[in-house]
Ligand SMILES: Cc1cc2nc3c(=O)[nH]c(=O)nc-3n(C[C@H](O)[C@H](O)[C@H](O)COP(=O)(O)OP(=O)(O)OC[C@H]3O[C@@H](n4cnc5c(N)ncnc54)[C@H](O)[C@@H]3O)c2cc1C
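Residue numbers (this note's numbering): 55 to 507.
Next up, the structure:
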């Protein structure tokens with residue numbers, strides 16, 4: 055800071071003047087340091103009418119949407135839609151494999167259910183002998199979390215680690231930026247751009263309006279298979295339990311002596327890297343996670359249930375300090391659409407120990423009681439003739455009995471990794487994803503430290 059520029063002026067130049075009163079000065083004890091003066095605002099345009107309006111109209115009792123040209127927000131090699139555990143890994147993998155990559159996410163952060171859904175327990179990477187099969191970029195994330203203070207606990211062979219959601223969001227920003235992935239947050243994919251059965255991009259809604267991003271290959275990491283469904287790929291529509299995760303605080307202040315003899319309150323969850331804070335899973339009823347009225351009902355009912363159960367816990371002697379820190383911003387949808395792929399991950403193959411020539415990943419379980427099971431590339435590729443789109447994460451092609459293993463976070467890292475590399479190879483070799491030379495994909499995956507058995 056130059057001698058002639060004081061701290062307040064410096065913050066103003068940096069566009070942080072609002073912080074000058076709130077954070078830049080040391081508050082005296084008890085002083086309120088909330089919103090105050092010192093912000094900047096100006097008129098960008100006055101008397102403006104929203105451009106490029108194409109409002110729906112009612113014609114003969116039907117709501118009709120007129121056609122219009124859309125602006126193109128970006129043109130890229132690989133477009134990854136959905137910034138959850140699968141999408142983030144897919145974007146990093148494709149970029150490291152040499153493709154130009156754009157990652158689009160409907161919310162304001164990365165991680166999907168892992169962070170926004172507060173699903174903090176990493177399950178699904180272990181097989182017999184406490185061997186860890188999920189390696190590659192997902193494991194790199196775990197190693198990086200290891201180096202941060204208070205980011206991950208229980209990182210040891212045969213154990214299931216638990217992460218801090220903010221640390222995970224932070225590490226994903228770091229890795230996405232390091233890789234050079236172009237990102238748009240607050241963008242909701244609503245339609246595919248399709249010519250002759252080939253997906254050419256995706257249409258998004260955001261505060262900037264309805265725009266398109268064009269791409270040579272699209273990776274659908276939306277969890278719900280939104281993009282492959284928009285594009286015309288065949289899928290199975292399933293119901294599953296929809297829950298809502300929460301975090302509970304002050305468990306380290308429970309008075310054990312006072313609590314002796316009282317029944318232990320239910321729904322207090324398991325530990326996290328933050329002392330005294332637990333994450334609480336909630337199974338919820340089996341419903342259709344694509345139905346907006348159902349999702350609304352789940353949110354409202356679960357929130358009431360969680361609040362009430364913590365209030366009940368607080369009435370238990372010794373548990374008075376316990377409180378509800380937060381309910382997850384993202385409702386816990388487990389499975390909705392799964393792709394009908396060229397191949398399917400099945401329990402029969404797990405039991406038979408099938409080894410696929412097109413293996414692109416190996417999955418595990420939460421306990422060391424499983425053999426490793428292989429994920430074939432065909433499980434990411436649509437069975438019918440819809441081109442240029444690959445699935446990653448909890449919406450890949452999987453039978454009912456394997457879905458609860460496939461959807462675990464490390465296995466989503468693994469399928470995201472495979473989809474990202476395969477998309478980059480398809481772009482590089484100017485071929486359709488179903489035609490990629492799988493040996494080339496496997497070679498790059500191994501170079502990126504993935505384990506393929
Ligand atoms: C309640 C609950 C408890 C669970 N417990 C565990 C556990 O203990 N351990 C474990 O390992 N796994 C657990 N799971 C499973 C695991 O959390 C998820 O299956 C996994 O995180 C899914 O990752 P994903 O990247 O495939 O999908 P998601 O995490 O759902 O990510 C999809 C991303 O795409 C975005 N998106 C969706 N649609 C669009 C769109 N149209 N346009 C733009 N963006 C879009 C979403 O906002 C999200 O960020 C649990 C799941 C739930 C629901």
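Every residue gets a Cβ at the ideal spot worked out from N, C-alpha and C, and that includes glycine.
In this model, residue 244 and residue 470 are separated by some 21 Å (Cα to Cα). Relative to ligand 1, residue 245 has its C-beta separated by 6 Å or more from all heavy atoms. The DSSP-derived three-state label of residue 356 is helix. A straight-line Cα-Cα distance of about 48 Å links residue 323 and residue 485. Nearest Cα to residue 195 within the set 224, 178, 182: 224. Relative to the non-hydrogen atoms of ligand 1, the Cβ of residue 447 comes within a distance shorter than 6 Å of at least one. In the DSSP assignment, residue 150 falls within the unbroken alpha helix (DSSP H) covering 139–150.
In the structure shown, the three-state DSSP call for residue 98 is coil. For residue 463, the Cβ falls inside the 6 Å cut-off from some heavy atom of ligand 1.
In this structure, DSSP gives residue 196 a helical state, which the three-state scheme calls helix. Uninterrupted alpha helix (DSSP H) stretches at least 4 residues long and entirely within the stretch 331–399 occur at 346–368, given in chain order. Taking a cut-off of 8 Å for Cβ pairs, the stretch 472–489 and the stretch 452–463 do not touch, as fewer than three such pairs fall below it. For the options 270, 258, 183, the alpha carbon positioned closest to that of residue 480 is the one of 270. When secondary structure is reduced to three states using DSSP, residue 236 falls in the strand class. Residue 446 and residue 267 have their C-alpha atoms some 19 Å from each other.
At a threshold of 6 Å, residue 218 does not count as near ligand 1, since its beta carbon sits no closer than that to any of the ligand's heavy atoms. Rounded to the nearest whole angstrom, the C-alpha separation of residue 306 and residue 377 is 11 Å.
The beta carbon of residue 365 is closer than 7 Å to none in its chain, skipping five residues each way along the sequence. Per DSSP, residue 118 lies in no alpha helix (DSSP H); the unbroken beta strand (DSSP E) holding it starts and ends at 116–118. Within 6 Å of the C-beta of residue 427 there is not a single heavy atom belonging to ligand 1.
When secondary structure is reduced to three states using DSSP, residue 248 falls in the strand class. Under the Cβ criterion (8 Å, minimum of three pairs), the stretch 391–409 does not count as touching the stretch 145–160.
Contact check for residue 178 and residue 503: beta-carbon distance about 18 Å, past the 8 Å limit, so the pair fails to qualify.
Taking C-beta atoms under 8 Å as the contact rule, residue 326 and residue 335 fail to qualify, at a distance of about 12 Å. Residues 308, 309, 310, 312, 313, 316 of the same chain have their beta carbon placed closer than 7 Å to that of residue 372, with the five preceding and five following residues left out of the count. The beta-carbon separation of residue 215 and residue 180, rounded to 11 Å, does not stay under the 8 Å limit for a contact.
Judged by beta-carbon spacing, residue 399 lies beyond the 7 Å limit of residue 440, meaning their Cβ atoms are not closer than that value. For secondary structure counted as the beta strand (DSSP E) over 3 or more consecutive residues, the stretch 435–460 holds these complete runs in sequence order: 443–445. In the displayed model, residue 266 falls within a strand according to three-state DSSP. With a cutoff of 6 Å, residue 161 counts as near ligand 1, since its C-beta is closer than that to a heavy atom of the ligand. Cβ neighbours of residue 462 within its own chain (closer than 6 Å, five residues either side excluded): 177, 178. Rounded to whole angstroms, the Cβ separation of residue 384 and residue 137 is 12 Å, and the two are not in contact under 8 Å. Relative to residue 146, the option among 490, 111, 468 whose CA is nearest is 468.
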